[in-house]
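> Numbering (my numbering), first residue to last: 25 to 810.
All C-beta atoms, glycine included, are put in the ideal place defined by N, C-alpha and C.
What you are looking at is a predicted structure, and each value in this text was computed from that prediction instead of being measured.
Structure in structure tokens, see below.
Written out as structure tokens, the structure reads:
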């Protein structure tokens, strides 16, 4: 280049090479800045002029933008409002190219006597859509809630609007030319977050995030930040950032989340209390009613008792549905992985569901030959979904058939996808109602004359449970043209010892219910009689019933008597239960019941009934204990005879001691308990605490949890706390018989298993079955729910 022309140019001109070092400066320029030529040539333009105080940061930022844009676009750029020292003017930047390669920049500076307003800044490199003064002025003057500013390609601030000044509290002259990193925390800077965001924006074109940003005074605010890469003629020239202060919204969200959490906690506590308060009297009522049905009643009396039973069961189901839905809605439901025997669960449901079918309804069960014997999943939740669908089918089918079938539709190296269908020939579902089938609280018939009752939660709960198990649930009309076809899939993990069932084990069960007479076609279901097996051993067993509710205590004693138990002690709280258990074990100190914090030592004062009356719940003490003087192998003498006695006049304590015990527990004749029935909610020491104290003394008596609280605890927590098994109040007598037999009848760990044909499950106490909380062929939860 002929630099003599530059030297003689009347327009202040300076030439920069591609690295922005000064190659030449006109005499007119040197006269303006008062710098000798020898100090200029070869120096970095920005370093030289910044060191001499001739170039403010904001002007440096604008010039960098112009140089980057000129280089990228290979076009001339202008900077309006360019100050050098005390001189104000405009600058024109011309890129000089050779063979499409940048050789140098020629900067021409035109001095003006009146400073240009900063809001008239124009950068031609931003393109036609963003370079007009009017458009930018509108943003500056109208947008005050958003900080809108531009960065050059290296992340230095080039423009600053009013919203940015209000939001970040930097004046325009303070921030122009500063790097965007000034808005970030020290932690963000250590993680190089500003540069990473610039790189991500350049790579993706746009990024958006929320996080803490910092103002000039060091205060922080929660910001929503959007950054876009800015291009001119297809060449990247910088970044556009929009920042909004969302601190108030963030604070409101935090308050809402806290309020929601508190509300959810209160709701859970309310539901738990409601469950307990309703289930506790329901247990007493339904159990007493069941005992009443076992007596000699007239036809009218039996009808009334049956009405009580049916209405009570409906109420219990409604409570269960509401609690299940509440837990699902709160995300509190979890899947418990255990062994699952799909065939056995389906067969068990068929047996248990026969009474709900109307006369002249066939029940069919089809199990595919490829169905694995044992898989890993949640047996309780699988059963719940199937039972819900079967209940609906039975409810809406007046004649025809209900069909239950299961098969494997997909298999991978480690899991099966199992499909289960429930097909009925009932009333079907109107097309207008199908859209809302799985919506909570939706019922098929919502008129005041509806025939079918319910909460409308069953299908919604089934949908949620199915999704938790990795599957889907769907509906389609029955292909026969009448009725409904529901099906769902679940994913079950493979078990190494699992083998497919043989074809001979496939069941096609047809149950014809006519005039309340049930006939079953082959193969016949081999069902044990658990009550007879339990009665065989009951008289030799000693039980402890820990229950603080006197009515439930009285009713439970009568129920146990009906099962054949004659040696039953009672405790009204956890402290008394621990002392009685400790006293019944050889070589234990009943007064050292550690750990029970802050509970004073109590003397044991057994109650000796003086008459055959039941204790008055208003006047008698809630804690009633009796002792036997017989050995564990010899049946004890009883206050009642072995024959059937009147359950309405028997005393609650079934055994008395012919010896008068002293206040010392060591005088109590030792006969270890065979099983403890432990209520969870008790005064002074609850069932969990009592179980912990018993287990801490290395006592391995089976402990059966009894609770009316369906939200706090659940069977999983009971097992985890050291209990051996679980029943919920109100409990079915058949369920109680099965659970008691599981622990008291030799070899009957699988009582009532039907086609399993025998009692072979291995049992242990303290929440561990064969070391893994599993029975040989079915999960504990499955057995409990059966």
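Taking a contact to mean a Cβ-Cβ separation below 7 angstroms, would you say residue 568 touches residue 700 in this structure?
Position 544 of the chain shown, counted from the first residue, corresponds to residue 568. Position 676 of the chain shown, counted from the first residue, corresponds to residue 700. Yes, the Cβ-Cβ distance between residue 568 and residue 700 is below 7 angstroms.
> Need the endpoints of the beta strand (DSSP E) that residue 105 sits in, please.
Mapped onto the chain shown, residue 105 falls at position 81. Unbroken beta strand (DSSP E) run through residue 105: 101-108.
> For residue 528, I'd like the list of residues in its chain whose CB is within less than 7 angstroms of its CB, leaving aside the five on either flank, ordered along the chain.
Here residue 528 refers to the residue found at position 504 when the chain shown is read from its first residue. Summary for residue 528: the model assigns pLDDT 32, below 50, so the residue's position carries little reliability, and this model does not support an answer.
> To the nearest angstrom, report how far apart residue 54 and residue 36 are at their CA atoms.
For the purposes of this step, residue 54 is taken as the residue at position 30 of the chain shown. For the purposes of this step, residue 36 is taken as the residue at position 12 of the chain shown. Whole-angstrom Cα-Cα distance: 8 angstroms.
> So, is residue 745 buried or exposed, given that buried needs 16 or more other C-beta atoms within 10 angstroms?
By 1-based counting over the chain shown, the position of residue 745 is 721. Buried: at least 16 other Cβ atoms inside 10 Å.
> Which residue marks the beginning of the beta strand (DSSP E) containing residue 233, and which one marks its end?
On the chain shown, position 209 is the one that residue 233 refers to. Residues 230-238.
> Under the three-state reduction of DSSP, which class applies to residue 306: helix, strand or coil?
The residue you call residue 306 lines up with position 282 of the chain shown. Three-state result, residue 306: helix.
> According to DSSP, simplified to helix, strand and coil, what is residue 501?
Counted from its first residue, the chain shown places residue 501 at position 477. Residue 501: strand per DSSP, three-state reduction.
> Specify, as a first and last residue, the run of the alpha helix (DSSP H) that residue 190 falls within.
Within the chain shown, residue 190 is the residue found at index 166, counting from 1. That run of the alpha helix (DSSP H) goes 186-192.
> Quick one: which unbroken alpha helix (DSSP H) runs of 4-plus residues sit fully inside the region 566-604? Chain order, please.
574-586, all fully within the region 566-604.
> Quick check on residue 287: buried or exposed, where buried means 16 or more other Cβ atoms within 10 Å of its Cβ?
The residue labelled residue 287 in the question sits at position 263 within the chain shown. It is exposed - the Cβ of residue 287 has fewer than 16 other Cβ atoms within 10 Å.
> Using 8 angstroms as the threshold, is the region 99-107 in touch with the region 200-212, meaning 3 or more CB pairs across them?
Not touching, per the Cβ criterion.
> Does the Cβ-Cβ distance between residue 438 and residue 417 come in under 7 angstroms?
Taking the first residue of the chain shown as position 1, residue 438 is located at position 414. Taking the first residue of the chain shown as position 1, residue 417 is located at position 393. Their beta carbons are not under 7 angstroms apart, which means residue 438 does not touch residue 417 by this criterion.
> Is it true that the region 33-47 meets the region 126-134, where meeting means three or more beta-carbon pairs spaced less than 8 angstroms apart?
The region 33-47, when compared against the region 126-134, does touch it at the 8 angstroms Cβ threshold.
> Roughly how many angstroms lie between the CA atoms of residue 591 and residue 389, to the nearest whole one?
Sequence index remark: in the chain shown, residue 591 carries index 567 (1-based). Sequence index remark: in the chain shown, residue 389 carries index 365 (1-based). Roughly 43 angstroms separates the two Cα atoms.
> Going along the chain, which residues of its own chain have a beta-carbon closer than 7 angstroms to the beta-carbon of residue 670, five neighbours each way excluded?
As a first step, residue 670 is located in the chain shown; it is residue number 646 there, counting from the start. Confidence in residue 670 is poor, its pLDDT being 42 and thus under 50, which makes the residue's placement too unreliable to answer from.
> Locate the beta strand (DSSP E) running through residue 813, then write down its first and last residues.
The structure shown has nothing for residue 813, since the chain only spans 25 to 810.
> Buried or exposed for residue 483, please, with buried defined as at least 16 other CB atoms from any protein chain shown within 10 angstroms of its CB.
Along the chain shown, one-based indexing puts residue 483 at 459. Per the 10 Å Cβ criterion, buried.
> Look at residue 186 and residue 168 and say whether their C-beta atoms are less than 7 angstroms apart.
Numbered from its first residue, the chain shown carries residue 186 at position 162. Numbered from its first residue, the chain shown carries residue 168 at position 144. Result yes, Cβ atoms of residue 186 and residue 168 sit closer than 7 angstroms.
> Can we say the region 317-333 touches the region 372-380, given the rule of at least three CB pairs closer than 8 angstroms?
Flag = no, the region 317-333 and the region 372-380 do not touch.
> Enumerate, from N- to C-terminal direction, the unbroken alpha helix (DSSP H) stretches of 4 or more residues contained entirely within the region 256-335.
Runs of the alpha helix (DSSP H) inside the region 256-335: 271-317.
> Counting along the chain, where does the beta strand (DSSP E) carrying residue 176 start and finish?
The sequence position of residue 176 within the chain shown is 152, counting from 1. It spans 170-176 - the beta strand (DSSP E) in which residue 176 sits, taken as one unbroken run.
> Could you tell me the alpha carbon to alpha carbon distance between residue 783 and residue 600, rounded to whole angstroms?
Locating residue 783 in the chain shown gives position 759, where the first residue counts as 1. Locating residue 600 in the chain shown gives position 576, where the first residue counts as 1. For residue 783, the predicted model reports a pLDDT of 43, less than 50, meaning its position is unreliable and no value from the coordinates is stated.
> Suppose you measure from the CA of residue 579 to the CA of residue 555; what does that come to, to the nearest Å?
Here residue 579 refers to the residue found at position 555 when the chain shown is read from its first residue. Here residue 555 refers to the residue found at position 531 when the chain shown is read from its first residue. Straight-line Cα distance between these residues: approximately 18 angstroms.
> Can you give me the Cβ contacts of residue 43 inside the same chain, cut-off strictly under 6 angstroms, excluding the 5 residues immediately before and after it?
The sequence position of residue 43 within the chain shown is 19, counting from 1. Contacts found: none.
> With residue 97 and residue 259 assumed to form a contact (beta carbons below 8 angstroms), what rounded beta-carbon distance in angstroms separates them?
Along the chain shown, one-based indexing puts residue 97 at 73. Along the chain shown, one-based indexing puts residue 259 at 235. Residue 97 to residue 259, Cβ: 6 angstroms. Contact.
> Report all residues from its chain with a CB closer than 6 angstroms to the CB of residue 488; omit the five preceding and five following residues, and keep chain order.
The residue you call residue 488 lines up with position 464 of the chain shown. Taken in chain order, the residues that qualify are 352.
> Measure the Cβ-Cβ separation of residue 366 and residue 321 and say whether it is below 7 angstroms.
On the chain shown, residue 366 is found 342 positions in, with the first residue counted as 1. On the chain shown, residue 321 is found 297 positions in, with the first residue counted as 1. Their beta carbons are not under 7 angstroms apart, which means residue 366 does not touch residue 321 by this criterion.
> Skipping 5 residues on each side, what residues in its chain have a beta carbon closer than 6 angstroms to that of residue 333?
Stepping through the chain shown from its first residue, residue 333 is reached at position 309. Result list for residue 333: 313, in chain order.
> Hey, out of 371, 298, 336, whose CA is closest to residue 346's CA?
Stepping through the chain shown from its first residue, residue 346 is reached at position 322. Of 371, 298, 336, the residue nearest in Cα terms is 298.
> Which of the three DSSP states is assigned to residue 714 in this structure?
Here residue 714 corresponds to residue number 690 of the chain shown, with the count starting at 1. Residue 714 falls in the helix class under three-state DSSP.
> Does the structure place the region 267-285 close enough to the region 710-723 that three or more beta carbon pairs sit under 8 angstroms?
Counting Cβ pairs under 8 angstroms, fewer than three are found: no touch.
> Just verifying my parser: in three-state terms, what is the DSSP assignment at residue 207?
The residue you call residue 207 lines up with position 183 of the chain shown. In this structure, residue 207 counts as helix in the three-state DSSP scheme.
> What does DSSP give as the partner residues of residue 702 in its beta bridges?
Start at 1 with the first residue of the chain shown, and residue 702 comes out as number 678. 570, 729.
> Per DSSP, which one or two residues make a beta bridge with residue 180?
Against the chain shown, residue 180 aligns to sequence position 156. Residue 180 pairs with 203.
> Out of 405, 383, 344, 284, which one is the CA nearest neighbour of residue 369?
Along the chain shown, one-based indexing puts residue 369 at 345. That would be 405, whose Cα lies nearest to the Cα of residue 369.
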